[in-house]
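Chains as they are written, first to last, in this note's numbering: chain B, 9 to 223; chain P, 9 to 223.
First up is the structure itself, then whatever we jot down about it.
Protein chains: 2
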Amino acid sequence: MSSKAATDPRVLVSRERVLTATLDLLMESGLGELTIDDISRRSGVAKTTIYRHWAGRSALVIDACSQMTDGQELPPDTGSLEGDLRAILTGIADLLGTARWSSILPSIIDAAEHDPEFAGIHSRIQRGHAAPLRAALDRAALRAEIPPAADRNAIAAALLGPLFYRRWFSREQIDAEFLEMIIQSAMAGSQRRDRPSARRPEVELPAGAGVSSRL
Amino acid sequence: MSSKAATDPRVLVSRERVLTATLDLLMESGLGELTIDDISRRSGVAKTTIYRHWAGRSALVIDACSQMTDGQELPPDTGSLEGDLRAILTGIADLLGTARWSSILPSIIDAAEHDPEFAGIHSRIQRGHAAPLRAALDRAALRAEIPPAADRNAIAAALLGPLFYRRWFSREQIDAEFLEMIIQSAMAGSQRRDRPSARRPEVELPAGAGVSSRL
DNA sequence: ATACTTCGCTACGATACCGTAGCGTAGCGA
DNA sequence: TCGCTACGCTACGGTATCGTAGCGAAGTAT
């Protein structure tokens, strides 16, 4: 009773086979097509065993998605903002082309739009791959490469947004020139901008241009 | 036989009620939860009637999504690139906060990831809201506000990407300061960049940083 | 008025997925 | 070796959704 952590190797292999099968199916067919029976067939694990470990489809999917952020590499520190950005964005561009999560994330985002539990998962994933970028921007602020009052969330959006846009919206190729252009743009744009909350309480938009935040 | 276009008012109202109910349900619960029975209940149109007009769920959803791009307004021409961008991005930010499609698009993007038919729909929608921006960039190129050889697709990504990122990825507020920062960044970044295809045939990336395009 | 079309309704059969129960087997730990 | 645990398997009952058939009522056009 002291440790609920599974030590029995049979449990571990069952869990792993199910989770990987879930991610595979999620990548191939999306969240809408995902069924427990398919997972059972694909993983070779009996459906009853799956229900012994997870309460249902929802719990399983959440579990699988949650551990999708594992295996993160530490952010590099090249000594300059430009070098950091180039390294980080190149890595992300790489993931966008190959990694499982670039196929799965749309399902999670869609689910997050309607289900608060998935919104939480997505929020964690989101913070996950923005973290190296935030760290690099913090270092750059310390080195005074960007104004300390600069809105780093906005800069992160200016950097990551275009990449994601190309992967999921315009479906265009991401090449080195594109990355370079994005980096130069963001660095130029970060020079004269203040973080709003540091100066004024809040700025109202003319015509409700805000997003009704669900989280 | 000359005109398949429905003139019978009963057909028209049936079609419209079904389509709007479909979009409503799509917005509320997403594509994964959408069923014909729900659409029938919500619209008040009998299920059999729905099947008289559409071959199945897929055809109906595609039809509904296709006409989501209608009602597009003409892009303004303020005379300067900066003015055009401000007007266009403000409008998009507005839509992101209120319009139906900002809730539905994630479902379409997710479906596009696995279904080529949805990929086509998404492609059309995508071109739809990038069109005013492209027109503005073309005008700016004619006025030599940006280099004629500038990669306008990349600039569009640098402008739209951050907005979409805030709406669906980071789920942060989009305020006027953010828009201004994005506009300034993109305009600065657009000054020294060439359109790759206009100079060299194609550039290979060092480490497969490209997106395996499905379309 | 009358012929034609469309609709709503009920009732189906078929299929798929859910989640559970029971039983025998095989692997694990002491 | 010997309990204990987890597993696979089969078989369920329940539910939801699909897509279709048939019929009478209501609307449309001429």
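All residues carry an ideal CB built from backbone N, CA and C; glycine is no exception.
query, result
"Kindly indicate the opening and closing residues of the alpha helix (DSSP H) around Ser110 (chain P).", "109–122"
"Considering just the uninterrupted stretch of the alpha helix (DSSP H) at Thr28 (chain P), what are its terminal residues?", "17–37"
"Locate the alpha helix (DSSP H) running through Thr98 (chain P), then write down its first and last residues.", "89–106"
"With DSSP collapsed to three states, give me the class of Leu82 (chain P).", "coil"
"Would you please verify whether the beta carbon of His122 (chain P) is less than 8 Å from any beta carbon of chain B?", "yes"
"Please check the pair Ile129 (chain B) and Ser74 (chain B), which I expect to be a contact at CB under 8 Å, by giving their CB distance rounded to whole angstroms.", "6 Å"
"If distances are taken between C-alpha atoms only, which option among P:Gln192, P:Pro156, P:Ala184, P:Arg175 comes closest to Gly105 (chain P)?", "P:Arg175"
"Within the same chain, show all residues whose beta-carbon is closer than 6 Å to that of Pro140 (chain B), passing over the 5 residues directly before and after it, in chain order.", "Pro83, Ile96"
"Report all residues from its chain with a CB closer than 8 Å to the CB of Leu42 (chain P); omit the five preceding and five following residues, and keep chain order.", "Thr30, Leu33, Leu34, Arg65, Val69"
"Can you name, in chain order, every residue of its own chain whose Cβ lies under 8 Å from the Cβ of Gly40 (chain B), other than the five neighbours on each side?", "Ser115"
"Three or more C-beta pairs closer than 8 Å, one from the segment 189–196 of chain P and one from the segment 186–196 of chain B: is that the case here?", "yes"
"Since Leu145 (chain P) and Ile163 (chain P) should fall inside the 8 Å C-beta cutoff, what is the C-beta to C-beta distance between them, to a whole number of angstroms?", "6 Å"
"Is Ile96 (chain P) close to chain B? Criterion is C-beta to C-beta, closer than 8 Å.", "no"
"Could you tell me the alpha carbon to alpha carbon distance between Ala127 (chain B) and Arg151 (chain B), rounded to whole angstroms?", "35 Å"
"Label Tyr173 (chain B) either buried or exposed according to how many other C-beta atoms from any shown protein chain fall within 10 Å of its C-beta, with 16 as the threshold for buried.", "buried"
"Contact criterion: CB-CB distance below 8 Å. Does Val26 (chain P) meet it with respect to chain B?", "no"
"Just to check my reading of the structure: Ala101 (chain P) and Leu171 (chain P) have Cβ atoms closer than 8 Å, yes? What is that Cβ distance to the nearest angstrom?", "6 Å"
"Distance, Cα to Cα, Gly52 (chain P) vs Thr28 (chain P)?", "11 Å"
"Checking 8 Å against the spacing of the C-beta atoms, do Glu121 (chain B) and Gly38 (chain P) come in under that value?", "yes"
"So that I know if they touch, is there some Cβ in chain P lying closer than 8 Å to that of Met76 (chain B)?", "no"
"Closer than 8 Å, CB to CB, is Phe126 (chain B) near chain P or not?", "no"
"Does Glu180 (chain B) come within less than 8 Å of chain P when only Cβ atoms are used?", "yes"
"Quick one, which of P:Leu187, P:Gly87, P:Glu81, P:Arg94 has its alpha-carbon nearest Gly136 (chain P)'s?", "P:Glu81"
"Using a threshold of 8 Å, state whether the C-beta atoms of Leu89 (chain B) and Ile154 (chain B) are closer than that.", "yes"
"Based on Cα-Cα distance, which residue from P:Asp118, P:Leu20, P:Glu188 lies nearest to Ile58 (chain P)?", "P:Leu20"
"So what does DSSP say about Asp146 (chain P), is it helix, strand or coil?", "helix"
"Any Cβ of chain P within less than 8 Å of the Cβ of Arg174 (chain B)?", "yes"
"Quick test of your reading: Met76 (chain P) and Ile112 (chain P), contact by CB under 8 Å. State the CB separation rounded to the nearest angstrom.", "7 Å"
"Compare the C-beta of Ala107 (chain B) against all C-beta atoms of chain P and say whether one is closer than 8 Å.", "no"
"So Val69 (chain P) is in the alpha helix (DSSP H); what residue range does that whole segment cover?", "65–74"
"For the alpha helix (DSSP H) containing Ala58 (chain B), list its first residue and its last residue.", "The sequence shown places Ile at residue 58 (chain B), rather than the Ala named in the question. Ile58 (chain B) -> alpha helix (DSSP H) spans 55–61."
"Which whole-angstrom value describes the C-beta separation of Asp159 (chain B) and Met189 (chain P), a residue pair presumed to lie in contact below a C-beta threshold of 8 Å?", "7 Å"
"So for Ser193 (chain B), helix, strand or coil by DSSP?", "helix"
"Give the DSSP-derived three-state secondary structure of Arg151 (chain P) in the structure shown.", "coil"
"Taking Cβ positions, are Ser178 (chain B) and Ala165 (chain P) nearer each other than 8 Å?", "yes"
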